[in-house]
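Protein sequence lines, in the order shown, are assigned to chains A and B. For reference, each letter of the first sequence is one residue, going 1 to 256 in this note's numbering. For reference, each letter of the second sequence is one residue, going 1001 to 1382 in this note's numbering. We put the CB at the ideal spot given by N, CA and C, even for glycine. Working notes, structure below.
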Amino acid sequence: MNAAGEPVIAVEGLTAVFGETTILEKVSLKVFRGEILCIVGGSGCGKSTLLKHMIGLIQPAAGRVLIGKTDIAADDDEELNRIRQEIGVLFQSDALLGSMTLGENVALPLGSVYGISPETVKFIVRMKLAMVNLAGYENHYPNELSGGMRKRGGLARAMALDPKILFFDEPSAGLDPINAAELETLIRGINDGLGTTMVIVSHQVELVLRIADRIIMLDREEKGIIAAGAPEELRLSAKDPRFRRFLFREEREKGG
Amino acid sequence: MKMTASQVGYVLQVQSGNPSEMILALSGQISLVDADRLLAEMDALLDNRKAAAVTVDLAGISYMDSAGLLTLLRLEEKIRRMGRTHAYLHVPPEIQRLMDLIDREGLTRTPLRTGGASGGVIEAMGDAGFRTAGDFSAMMIFLGDLVAALTHIISHPRDVRWDDVLVSMRRTGAEGLPIVGLISLLIGLIIAFMSSLQLKQFGANIYVASLVAVAIVRELGPIMTAILVAGRSASAYAAEIGSMVVHDEVDALATMGFDPIRFLAVPKLIATVLVLPLLTLYADLFGIVGGMIVGVTGLDLTPYTYLLESQRAISASDLVSGLLKAAVFAFGIAWIGCQRGFQVQGDVAEVGAATTSAVVTSILLIVIVDSVFAIVLHYVDF
């Protein structure tokens, strides 16, 4: 949408290696403030690996990831903690802690900020749960909720500290169309209302085409990006047949 | 506009034209870290001034996160409750968007379930009682299923998955040999050493051998081996079957026409019942060797006399009753291990609980069965 100005995330020459296999080779990309960037690609193309690098769970074999101006692999703990408060992640499995109630899960990130009264924490939890249409569920345990509710609960937790950047790993995986649509509306609403920058990893083409401001496609053979741009722009100009096949379901291979 | 929640914070100014109206002008940044302070400050202002109308001017706000806005909403709620009127002035568009995102009704909705408060000791005891009863009946039902599966197997031995039996025998038996041997050796050593301290005083050194032999073969061999196998294998069975339940593999088996108990539990049961008596024999041997080490090194006995005395002390019935016990323990271990696995419902976290419970319950069962054996063997002259 407002793909201009300073990038909030910059991936520079990132190389990812697992054992002997190189997954990503010299990948560079930028994410701009307030945009929804979707990273797509077939299975094994390294999109989840890229995401894990972007949130600092894996150290790059070469290259670096900057969030704002900070190298996420830097060993400055204080700086890293500040960065962590500015990002939220919704994992593919909701990653809610099963031993805690939904409310306690959402309150978890608030514990990293010093000196907030329990009363305020309670209200923030309620507000975040209400934002994801889960008002009233704070005392439920994750295993008592449906998949869609857990996903939204995970989103509430990711949003607890009003992060500037939200990362999603396959947000609609395992959700029925209604729940997926509800999550999609939420993602849009949060992006519009809070101006949150979003990075979404997904292989669900319909979701990506509806939601993305910009799309980046990774490919396993290329070990990197084969196409990038806004959906409409790509529809008109992208030439790569792998990309067109993936996103627009064109030119299916014969017999396939 | 600075986007980070900073320590700079906000400025609160009171502008009141006339005494019945109060305008609170907020400027700067309001974020999570300022929320409690702002609320307290506003409270003080509201208590001091009795203005009937309160207007909050947001013109100077450069940044506000959702926690900051929440503070304003809580304040608004409070002012309304005090019977005063409330209004906003100069709401910046981004704050308006944020306001639209917040579901005000959701903020005050009471939780669908009250949290935490449990109903005291009596209720907890009652709960525990019901749980235990439910647990017991689940165990008994599974026992029935297991026996039914076994009777089917007896008439259809080809239905047993013998490959799985061999795998389980290797895991339960062969892979357990080092630890069972080591523990038995040490137990034999300890008993011999402790009893020798006493028996030496009476010059009854030679009886160390018979004491160790009888204790190991009748009681300690079977029970120590069974406890080790319960720790190693009951937990493994529960974890294996439990995670299969979580991943719908058990349901898949059922839809393909396999009886999950016959498919999963029976091979493990057969393997355990075959292997545990053998392990027990092996443990007996190592226990006696352990005793012999003390006898030979500390009591001036020759290996020959020691073994001869041991052999004299043990009767065939001691050995047989020990092995019989081992077989019954094995049945209990496989029964409980598998039952705990099948009991898992849906959640991975339950697999851990099932594993723990499999070990604890099977050890309890082993001790109970051993006591029953002790009493029965006392009265029945075997």
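DSSP bridge partner residues for residue i (one or two, in chain order)
i                  : result
Arg-64 (chain A)   : A:Glu-12
Met-217 (chain A)  : A:Val-40 and A:Ala-227
Met-1022 (chain B) : B:Val-1054
Pro-7 (chain A)    : A:Phe-32
Val-1091 (chain B) : Its beta-bridge partners do not exist; DSSP assigns none.
His-1086 (chain B) : B:Val-1054
Phe-1136 (chain B) : The partner list for Phe-1136 (chain B) (beta bridge, DSSP) is empty, contrary to what the question assumes.
Asp-169 (chain A)  : A:Val-201
Tyr-1237 (chain B) : DSSP, once it has assigned bridges, lists no residue as partnering Tyr-1237 (chain B).
Met-1064 (chain B) : B:Ile-1030
Ile-87 (chain A)   : A:Ile-165
Listed by chain order, chain B residues near residue i by CB distance under 9 Å
i                 : result
Met-127 (chain A) : Ser-1066, Ala-1067, Leu-1069, Leu-1070, Leu-1073, Ile-1102, Asp-1103, Gly-1106 and Leu-1107
Leu-161 (chain A) : Ala-1005, Leu-1032, Asp-1065 and Ala-1067
Thr-120 (chain A) : Leu-1032, Ala-1035, Asp-1036, Leu-1039, Ala-1067, Leu-1070, Thr-1071 and Arg-1074
Met-131 (chain A) : Ser-1066, Leu-1101, Ile-1102, Asp-1103 and Gly-1106
Buried versus exposed call for residue i [16 or more other C-beta atoms within 10 Å across all chains shown]
i                  : result
Gln-1013 (chain B) : exposed
Thr-1059 (chain B) : The question names Thr, but residue 1059 (chain B) in the sequence shown is Ala. Per the 10 Å Cβ criterion, exposed.
Phe-167 (chain A)  : buried
Asn-191 (chain A)  : buried
Arg-210 (chain A)  : exposed
Ala-1265 (chain B) : buried
Trp-1162 (chain B) : exposed
Ser-1062 (chain B) : exposed
Tyr-141 (chain A)  : buried
His-1156 (chain B) : exposed
Asp-1047 (chain B) : exposed
Arg-1104 (chain B) : exposed
Met-131 (chain A)  : buried
Gly-153 (chain A)  : buried
Gln-59 (chain A)   : exposed
Phe-1202 (chain B) : exposed
Phe-246 (chain A)  : buried
Asp-1284 (chain B) : buried
His-1090 (chain B) : exposed
Proximal residues of chain A, C-beta to C-beta of residue i below 7 Å
i                  : result
Pro-1111 (chain B) : Gly-136, Glu-138 and Asn-139
Gly-1346 (chain B) : Asn-143
Proximity below 8 Å, CB of residue i to CB of residue j
i                  : j                  : result
Ala-212 (chain A)  : Ile-36 (chain A)   : yes
Ser-1233 (chain B) : Thr-1272 (chain B) : yes
Lys-151 (chain A)  : Leu-134 (chain A)  : no
Val-1011 (chain B) : Ser-1027 (chain B) : yes
Val-1208 (chain B) : Ala-1192 (chain B) : yes
Gly-1341 (chain B) : Val-1245 (chain B) : yes
Leu-194 (chain A)  : Leu-1098 (chain B) : yes
Val-1167 (chain B) : Tyr-1282 (chain B) : no
Leu-1269 (chain B) : Phe-1331 (chain B) : yes
Val-1054 (chain B) : Arg-1084 (chain B) : yes
Thr-196 (chain A)  : Val-8 (chain A)    : no
Gly-1221 (chain B) : Gly-1176 (chain B) : no
Glu-6 (chain A)    : Arg-64 (chain A)   : no
Lys-73 (chain A)   : Gly-88 (chain A)   : Sequence check: residue 73 (chain A) is Ala here, not Lys. No, Cβ-Cβ distance for Ala-73 (chain A) and Gly-88 (chain A) is not below 8 Å.
Val-1056 (chain B) : Leu-1038 (chain B) : no
Asp-169 (chain A)  : Gln-85 (chain A)   : no
Arg-1218 (chain B) : Asp-1318 (chain B) : yes
Gly-1009 (chain B) : Ala-1035 (chain B) : no
Ser-1195 (chain B) : Leu-1211 (chain B) : yes
Arg-1262 (chain B) : Asp-1159 (chain B) : yes
Proximal residues of chain A, C-beta to C-beta of residue i below 9 Å
i                  : result
Arg-1097 (chain B) : Asp-192, Gly-193, Leu-194 and Gly-195
Ala-1349 (chain B) : Gly-98, Ser-99 and Asn-143
Thr-1114 (chain B) : Asn-139
Contact belief for residue i with residue j at Cβ below 8 Å, rounded distance in angstroms
i                  : j                  : result
Lys-340 (chain A)  : Glu-78 (chain A)   : This structure gives no information on residue 340 (chain A), because the portion of chain A shown stretches from 1 to 256.
Phe-1142 (chain B) : Ala-1226 (chain B) : That pair is no contact at about 20 Å.
Ile-215 (chain A)  : Cys-38 (chain A)   : 5 Å
Gly-1290 (chain B) : Gly-1188 (chain B) : 3 Å
Met-217 (chain A)  : Val-31 (chain A)   : Wrong, their Cβ atoms sit about 15 Å apart, outside the cutoff.
Glu-1350 (chain B) : Val-1359 (chain B) : Their Cβ separation, rounded to whole angstroms, is 15 Å, which puts Glu-1350 (chain B) and Val-1359 (chain B) out of contact at 8 Å.
Leu-102 (chain A)  : Glu-138 (chain A)  : 6 Å
Under 7 Å by beta carbon: chain B residues contacting residue i
i                 : result
Phe-167 (chain A) : Within 7 Å Cβ-Cβ: nothing; Phe-167 (chain A) doesn't reach chain B, min ~17 Å.
Ser-117 (chain A) : Asp-1036
Val-113 (chain A) : Leu-1032 and Val-1033
Gly-189 (chain A) : Leu-1101
Partner residues on chain B for residue i, Cβ-Cβ distance less than 8 Å
i                 : result
Phe-123 (chain A) : Leu-1070, Arg-1074 and Leu-1107
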